[in-house]
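In my numbering, the protein residues as written are 13 to 184. Heads up, the beta-carbon is just placed ideally off N, CA and C, and yes, glycines get one too. Below is one structure, written out as structure tokens; comments come after it.
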């Protein structure tokens, strides 16, 4: 007799970036690979969202999830990709037009949604962000490295596994 299937953790991936600004399209480009992965793994609970930047409304995407991954292009980092944990922080801003992952987790709590789920940020190194340009060759290579890491995260959907994949020396 077999037991009930173990429920899969619900993962939310929030990708930011502008497809019209060169390497800023890294987040949306990675999202295309996630869509392919979800079609090949229909039993997995992966929810994805894409926007030019994080907004207050994205807190609703995180309600009821077990893990959150923020994905965006980065202009800094020790390598082609950086994975780090994200913790809530209520840094004041003059506007709510765009939020950092840390601020979005803080909003999650202040809206009465409870404690935010464990969250991580995946930065993909970009090199050219000119309007109207495609991904640079370097960014395309970094996209492959990012997908290799993300596929490992999706295959091991637990906070401890994700923490073990974080970039050494990079903290929240």
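A direct Cα-to-Cα measurement between residue 167 and residue 173 gives close to 10 Å. Per DSSP, the beta bridge partners of residue 97 are 132. Beyond the five residues adjoining it in sequence on each side, residue 159 comes within less than 6 Å, by CB distance, of 45 in the same chain, given in chain order.
By the beta-carbon neighbour count (other beta carbons within 10 angstroms, threshold 16), residue 54 is exposed.
For residue 82, the beta-bridge partners assigned by DSSP are 26, 133.
Take the alpha-carbon of residue 165 and the one of residue 49: they are about 12 Å apart.
Here residue 39 is buried, its C-beta having at least 16 other C-beta atoms within 10 Å.
Nearest to residue 58 by alpha-carbon distance, out of 69, 76, 66, is 76. Nearest C-alpha to residue 169 among 131, 136, 141, 151: 131. In the structure shown, residue 58 adopts extended strand secondary structure according to DSSP, grouped into three states. Around residue 182, the same chain offers 94, 96 as residues with beta carbons nearer than 6 Å, after the five sequence neighbours per side are excluded. In this structure residue 134 is buried. Its beta-carbon is surrounded by 16 or more other beta-carbon atoms within 10 angstroms.
Setting aside the 5 residues that flank it on each side, residue 110 is surrounded in the same chain by 65, each with a C-beta closer than 6 Å to its C-beta; the list follows chain order.
Contact between residue 81 and residue 25 holds: CB atoms are separated by about 5 Å, below the 8 Å threshold. According to the DSSP assignment, residue 20 belongs to no alpha helix (DSSP H), since it is labelled neither H nor E.
For the pair residue 150 and residue 90, the Cα-to-Cα distance works out to about 15 Å. DSSP, reduced to helix, strand and coil, places residue 35 within a helical segment of the structure shown. For residue 88, the number of other beta carbons within 10 angstroms of its own is below 16, and it is reported as exposed.
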